[in-house]
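Undergrad: Sharing a structure, written as structure tokens. Questions coming.
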Amino acid sequence: MDFKSFLKNKEEMRRPLPIFILADVSGSMDGAKIKQLNLSLRKMLTQLNETKDIPGKFQLSVLTFNDQVNVVQPLADVDQITLQEFGAGGRTAMGAAFEKVSELIEDRNVVDSRAYRPMILLMSDGAPTDFNGKSVEELAAWKPLQKLKNGARSSKAQRLALAIGQDADEVLLQEFIGDPNVPLIRANNEQEIMRFFKWATMTVIARMKSVNPDDITLPGSPDIDEENI
Amino acid sequence: MTCKTNSTENYCVLTLSYRGKGHRTTGWPNQDAVTYFTSKGGDFFGVADGLGSCKKSHIGSRRILEIGAELAKQVGKGRLPFSSQVLAEELINRWRGLYPVGKLQDYCTTLKAVFVYRGEMIVLSCGDGLLLLYDGEQIYRMAGENAAFVNETLCFSPKMCRTDVKSRQLKCPEKFVLFMCTDGISLALNENRESDLLKHLFNNGIYPSLPSDMNDLIQEISIYNFDDKTAEVVYHDFTGRTVW
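First to last, the sequence lines map onto chains A and D.
So that you can map any letter, position 86 of the first sequence is 309 in my numbering, and since no number is skipped, the others follow by simple counting.
So that you can map any letter, position 201 of the second sequence is 192 in my numbering, and since no number is skipped, the others follow by simple counting.
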């Protein structure tokens, strides 16, 4: 008797590691920054697709936010994705993006219960326009962020963030990360945006290749010098 | 991998336990445990999966099975009533009594277990993994609850409550096959093929090449899953005999 016939097919046995991109595409991102964001995402997708000999599979979803949040790429296996280029314009509805990604992660029809803990990458060059608070306390109590950080499933996600330029709301991005051991990465030019994506890609690949991909502890200090990328 | 087959007066049993690549690489022990205990009184079969994040869960998984076997012994001696409520509560209370509360969180474990006594059977489940029972007509199934993600499951833990242990009392079939496994295996099994697996085991019992067949299954799963993997198959046939 071939007992392998009692197993799921090979594709079903490969546990997914979902990656959600939350990209600020407000007006201030227009020009070189949005161009670099598009390029970096493509390179990330290529690198994930080229990663072989892993027990699971990567899934990717891209959410952009300006006046509203848009799921420009629903969560799908990376080998099934053709990324659409997106432009910039409008305001910064970051709260709506937090709400949406929380809903997606909580939905078992979107993120399989067999999945490894998702990764959320947030990149922004400004402050949210759908948050009226001023103090750190108000920020900590901001419902969209609380929903993301306290959701039964979304709270388990690994959260990394990139502050682009001098106007990024670093306090908010730190609050989003919510872990003093995970650094907020800063980018002041296009090259540094690319480096962030390379670092995030290597982090998620390292997770997948590790003996415990659910361990979201970053392997040491994420030095993103060129030689380490 | 450890693999044992044994025949007692009443049962044929196969147990397998495989330390996953994750623990082999890091030097951690196999956190799964498997056991059976049979006597002229009560019988006990169980698999347990120590939670990966708990540093002594390899001990916790063994302890909960020892408690199960001890309870079966007590039932056999008439010191405990054969009741799903009583056995579930005894399991919880005795596990809680193993260590001080501060240390107990290092010993968390799941459990799939079956007690048999005088023609009655009690099946218990806490956390993920899979328990399948087949009597030739009906399949009885206990799987894990819907956790947030894999490896985040209900378990014997300091915060557990009575409702975390699901239990049911049944009339013990004259002939049955019992298949229990930890989530390292259950996550890879095709739910639509469970009945075929059970029918195969029901019709063939613990045949000589079953360990080899199970090993093939585990090796295939291990390509995609680095967890520990443990299973127990129990075959029982009293048809045509006066048993109890």
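For each residue, glycine too, the CB sits at the ideal point set by N, CA and C.
#1: Where do the ends of the alpha helix (DSSP H) carrying R265 (chain A) lie?
#2: Any beta carbon from chain D within less than 9 Å of E235 (chain A)'s own beta carbon?
#3: So with Cβ pairs under 9 Å, would you call K372 (chain A) a contact of chain D?
#4: Using the C-alpha atoms, what's the distance from M431 (chain A) back to I242 (chain A)?
#5: Determine the closest residue to N272 (chain A) out of A:D247, A:T305, A:M252, with distance taken between C-alpha atoms.
#6: Along chain A, in chain order, which residues have C-beta atoms closer than 8 Å to that of F217 (chain D)?
#7: To which residues of the same chain is L298 (chain A) closer than 8 Å at the C-beta, ignoring the five residues directly before and after it?
#8: Pull up the DSSP beta-bridge partners for K157 (chain D), would you.
#9: Find the residues of chain A that neighbour G13 (chain D), judging by a C-beta separation of less than 7 Å, and give them in chain order.
#10: For V292 (chain A), I'd like the list of residues in its chain whose CB is within less than 8 Å of its CB, leaving aside the five on either flank, ordered along the chain.
#11: Leaving out five residues before and five after G254 (chain A) in sequence, what residues of the same chain have Cβ atoms less than 7 Å from its Cβ?
#12: I want to see whether chain A comes within less than 9 Å of L89 (chain D), judged by CB atoms only; does it?
#13: I'd like to check one pair, T101 (chain D) with L42 (chain D): are the Cβ atoms closer than 9 Å?
#14: Taking any Cβ of chain D, which residues in the region 298 to 331 of chain A have a Cβ under 8 Å from it, in chain order?
#15: Return the residue from the list A:P341, A:E360, A:M236 that minimises the CA-CA distance to L245 (chain A).
#16: With a threshold of 8 Å, are at least 3 pairs of Cβ atoms found where one atom belongs to the region 124 to 138 of chain D and the other to the region 42 to 61 of chain D?
#17: Return the first residue and the last residue of the beta strand (DSSP E) that D34 (chain D) is part of.
#18: Closer than 7 Å by C-beta to G398 (chain A): which residues in its own chain qualify, once you throw out the five before and the five after it? Chain order, please.
#19: Taking DSSP's pairing of strands, which residues face D247 (chain A) in a bridge?
#20: Between which residues of its own chain and S433 (chain A) is the CB-CB distance below 8 Å, once the five residues before and five after are set aside?
#21: Comparing the C-beta of L188 (chain D) with each C-beta of chain A, is any distance below 9 Å?
#22: So, are the CB atoms of L78 (chain D) and L62 (chain D) less than 9 Å apart?
#23: Give me the Cβ distance between V225 (chain D) and V25 (chain D), rounded to the nearest whole Å; I'm assuming they're in contact under 8 Å.
#24: Among D:L178, D:G88, D:K68, D:S200, which residue has its Cα nearest to the Cα of G120 (chain D)?
#25: Please list, in chain order, all residues of the same chain as Q307 (chain A) whose beta carbon is under 8 Å from its beta carbon, the five residues on each side excluded.
#26: Is S203 (chain D) buried or exposed, if buried means 16 or more other CB atoms sit within 10 Å of its CB?
#27: By how many angstroms is the C-alpha of L260 (chain A) removed from the C-alpha of K94 (chain D)?
#28: How many whole angstroms separate the CB atoms of V38 (chain D) and E185 (chain D), which I take to be in contact at a CB cut-off of 8 Å?
#29: For I214 (chain D) and chain A, any beta-carbon pair shorter than 9 Å?
#30: Relative to the C-alpha of P239 (chain A), which residue among A:A386, A:L344, A:R331 is closest?
#31: Name, going along the chain, the residues of the region 335 to 356 of chain A whose beta-carbon falls closer than 8 Å to a beta-carbon of chain D.
#32: So is R376 (chain A) buried or exposed if we call it buried at 16+ other beta carbons inside 10 Å?
#33: The region 399 to 419 of chain A: which residues have C-beta closer than 7 Å to a C-beta of chain D, in chain order?
#34: Taking the C-alpha atoms as reference points, what is the distance between F419 (chain A) and T426 (chain A)?
#35: Taking 9 Å as the CB-CB cut-off, is L169 (chain D) touching chain A?
#36: Taking only the alpha-carbon atoms, compute the straight-line gap between C163 (chain D) and M171 (chain D) and give it to the nearest angstrom.
TA: So, from the listed chains and residues:
#1: 255 to 273
#2: yes
#3: no
#4: 12 Å
#5: A:T305
#6: P278, V434, N435
#7: P241, F243, Q282, L283, S284, L327, V333, V334
#8: D:S116
#9: V434, N435
#10: L286, A316, A319, A320, E322, K323
#11: none
#12: no
#13: yes
#14: R331
#15: A:P341
#16: no
#17: 34 to 40
#18: The sequence shown places Glu at residue 398 (chain A), not Gly. Taken in chain order, the residues that qualify are L362, A363, L368.
#19: A:F288
#20: none
#21: yes
#22: yes
#23: Their Cβ separation, rounded to whole angstroms, is 11 Å, which puts V225 (chain D) and V25 (chain D) out of contact at 8 Å.
#24: D:L178
#25: V295, Q296
#26: exposed
#27: 48 Å
#28: Not confirmed; about 16 Å, so no contact.
#29: yes
#30: A:R331
#31: S336, R337, A338, Y339, R340
#32: buried
#33: none
#34: 10 Å
#35: no
#36: 17 Å
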